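Enquirer:
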Amino acid sequence: MRTDDFNDRLEQATRARLARLATTPQDTSRLERQLEGAMTGVRPAPASRVLRWWAPLAGVAAVLLVSATIGGLFLVSNDAPVVATSSLLAGLHHEVTGGGPFSIPVADVDSANHEIATRWSNAPALPNPADCEFMSCCVHEVEGRKIACVLLRLRGKSVTMVVANSKDLTPADGIETTTNQHPYTRYAKGDVNMVCMQKNGTNVWLVGELPHEELAQLLSKEWTTS
Amino acid sequence: MLKAMKAIDSFQEGTNVKAWLMTILRRTFIDRLRANRSRQHEVRLDSYDQVEGREEAATSGQLDDRWDNPEKILDQFEDKDMVEALKTLPDEIRWTLLLVDIEQLDYAGAARVLEIPVGTVKSRAHRGRGMLRDRLFTKARQRGWVESKA
Chain H
1 MRTDDFNDRL
11 EQATRARLAR
21 LATTPQDTSR
31 LERQLEGAMT
41 GVRPAPASRV
51 LRWWAPLAGV
61 AAVLLVSATI
71 GGLFLVSNDA
81 PVVATSSLLA
91 GLHHEVTGGG
101 PFSIPVADVD
111 SANHEIATRW
121 SNAPALPNPA
131 DCEFMSCCVH
141 EVEGRKIACV
151 LLRLRGKSVT
161 MVVANSKDLT
171 PADGIETTTN
181 QHPYTRYAKG
191 DVNMVCMQKN
201 GTNVWLVGEL
211 PHEELAQLLS
221 KEWTTS
Chain B
1 MLKAMKAIDS
11 FQEGTNVKAW
21 LMTILRRTFI
31 DRLRANRSRQ
41 HEVRLDSYDQ
51 VEGREEAATS
61 GQLDDRWDNP
71 EKILDQFEDK
81 DMVEALKTLP
91 DEIRWTLLLV
101 DIEQLDYAGA
111 ARVLEIPVGT
121 VKSRAHRGRG
131 MLRDRLFTKA
141 RQRGWVESKA
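Going line by line, the protein sequences match chains H and B. Numbers 1 to 226, taken from my numbering, label the letters of the first sequence in order. Numbers 1 to 150, taken from my numbering, label the letters of the second sequence in order.
Laid out in structure tokens, this is it:
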């Protein structure tokens, strides 16, 4: 016979696992575009009326981006690649560098590949960015698409590497440029810079506070030598 | 979402924005559900209480005995597994868990969104968690994470 304590423990464990669904990073780019369109469509109103509704409207916008995506888990499915927006990547970076509950300590690219493979059987191979120390890794899901996240350290700075199949996760619009003849896309969210390179059907992002060019070179060096 | 934008005039300062929004989302969902069902079979939205009551009576107290380490087992499930399991639950149970456990509304807030008594929210949430564990336990057993006990 189970005790009330154990039943409470079961309930709490279930609640905690469900609560974590709300913290899963979601691609909000489509919602953002729809919301911007809808807000643009609001007819001009007298100043007092605009001021009166601005705060709740902004609140609605913020909540929409969180709640409606969670609702989307229940109501919507889509085969198109998820867009890795700057918000999504910055959120992942903060979660990974904050030592999320799913982080697995790793020593190098081989152990990271091994840990990822046990959780994602068809995971693409992780690149080994030049001069970086592997710290931890995890497998995340974004709108049902698996992605691998790895925390790297370079000269005391944290860099998050995000690896996904190109058909699952695609870079957001950014500046297209090259380094060492490797094309890449760069964008940013506040102080967090992000670059994306593609190779053999795999998209790799490096996210961190290092300059774009430096992040891109970490990948281009590795892909030039491998 | 656009309904929320159109209904902005119905928003009153001091109202819980999340609850207000979830009410609109839920009503939109119910409207769509009713429209679909009117083209297929007519099923009352609250009829699950009787159906799931029977299911719960058939399983409760048996499966939960098998969760030796619930935190560890639940952590092994990916978000996709959780969502798939949630999708198998009746709509109103799923909404209750969405509001109470995922969106973290308090029971009173969820009751207002769902337009049901607080006590019903509590019982649905409790029952829903049990039903969810039921689905997840089956998956866990299939994956060899837990042993089958006689």
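Cβ atoms here follow ideal geometry from the backbone N, Cα and C, with glycine treated the same way. Predicted model, so just to flag it, every value in this text is computed and none were measured.
1) At the 8 angstroms Cβ level, is Thr-85 of chain H part of the contact set with chain B, yes or no?
2) Name the DSSP bridge partner or partners of Leu-151 of chain H?
3) Nearest by alpha-carbon distance to Ala-90 of chain H: which of H:Ala-188, H:Ala-164, H:Leu-21, H:Ala-107 is it?
4) Identify which residue in H:Val-142, H:Asn-180, H:Asp-191 has its Cα closest to the Cα of Leu-210 of chain H.
5) Any idea if Asp-5 of chain H is buried or exposed, counting beta-carbon neighbours within 10 angstroms, 16 or more meaning buried?
6) Can you list, in chain order, the residues of its chain with a C-beta nearer than 6 angstroms to that of Arg-94 of chain B? Leave out the 5 residues immediately preceding and following it.
7) Classify Trp-205 of chain H as helix, strand or coil using the three-state DSSP reduction.
8) Excluding the five sequence neighbours on either side, which residues of its own chain have a C-beta within less than 6 angstroms of the C-beta of Arg-153 of chain H, listed in chain order?
9) In whole angstroms, what is the alpha-carbon distance linking Ser-166 of chain H and Ala-125 of chain B?
10) Can you give me the start and stop residues for the alpha helix (DSSP H) that Ala-188 of chain H sits inside?
11) Can you name the residues of chain B whose CB is closer than 7 angstroms to the CB of Ala-80 of chain H?
12) When you compare only the Cα positions, how much space is there between Ile-147 of chain H and Val-159 of chain H?
13) Let me check understanding here. Comparing Cα to Cα, which of H:Thr-179, H:Pro-105, H:Thr-202, H:Met-197 lies closest to Asn-122 of chain H?
14) Can you grab the Cα-Cα spacing for the pair Val-109 of chain H / Leu-136 of chain B, in whole Å?
15) By the DSSP assignment, the beta strand (DSSP E) with Thr-179 of chain H in it spans what residues?
16) Three or more C-beta pairs closer than 8 angstroms, one from the stretch 69-79 of chain B and one from the stretch 105-115 of chain B: is that the case here?
17) Using a threshold of 8 angstroms, state whether the C-beta atoms of His-93 of chain H and Val-195 of chain H are closer than that.
18) In angstroms with no decimal places, state the Cα-to-Cα distance between Pro-105 of chain H and Val-96 of chain H.
19) So which of B:Thr-88, B:Val-100, B:Gly-119, B:Glu-92 has the shortest CA-CA distance to Gln-12 of chain H?
20) Name the chain B residues whose beta carbon is nearer than 7 angstroms to that of Glu-141 of chain H?
21) Given a cut-off of 8 angstroms, decide if Pro-127 of chain H and Thr-219 of chain H are closer than it, judged by their beta-carbon atoms.
22) Indicate whether Ala-84 of chain H and Trp-205 of chain H have their beta-carbon atoms separated by less than 8 angstroms.
23) I want to see whether chain H comes within less than 8 angstroms of Gln-142 of chain B, judged by CB atoms only; does it?
24) My output table needs one value for Glu-103 of chain B: the three-state DSSP class, helix, strand or coil.
25) In the structure shown, what three-state DSSP assignment does Thr-14 of chain H receive?
26) Does Arg-133 of chain B get closer than 8 angstroms to chain H when you measure Cβ to Cβ?
Expert: From the atom records:
1) no
2) H:Ser-136, H:Thr-160
3) When H:Ala-188, H:Ala-164, H:Leu-21, H:Ala-107 are compared, the shortest CA-CA separation from Ala-90 of chain H is found for H:Ala-188.
4) H:Asp-191
5) An exposed status is given to Asp-5 of chain H, since fewer than 16 other beta-carbon atoms sit within 10 Å of its beta-carbon.
6) Leu-86
7) strand
8) Glu-133, Met-135
9) 39 angstroms
10) No alpha helix (DSSP H) contains Ala-188 of chain H, which is instead part of the beta strand (DSSP E) from 182-189.
11) Going along chain B, no residue has its Cβ under 7 angstroms from Ala-80 of chain H, so there is no contact; the nearest lies around 17 angstroms.
12) 16 angstroms
13) H:Thr-202
14) Taking the straight line joining both Cα atoms gives about 33 angstroms.
15) 175-179
16) The stretch 69-79 of chain B vs the stretch 105-115 of chain B: no contact.
17) No, the Cβ-Cβ distance between His-93 of chain H and Val-195 of chain H is not below 8 angstroms.
18) Taking the straight line from one Cα to the other gives about 12 angstroms.
19) B:Val-100
20) Under the 7 angstroms cutoff, chain B gives Glu-78, Asp-79, Lys-80.
21) According to the sequence as given, residue 219 of chain H is Leu; it is not Thr. Yes, the pair counts as a contact, with Cβ atoms nearer than the cut-off.
22) yes
23) Closer than 8 angstroms: no.
24) Here Glu-103 of chain B sits in coil by DSSP.
25) helix
26) yes
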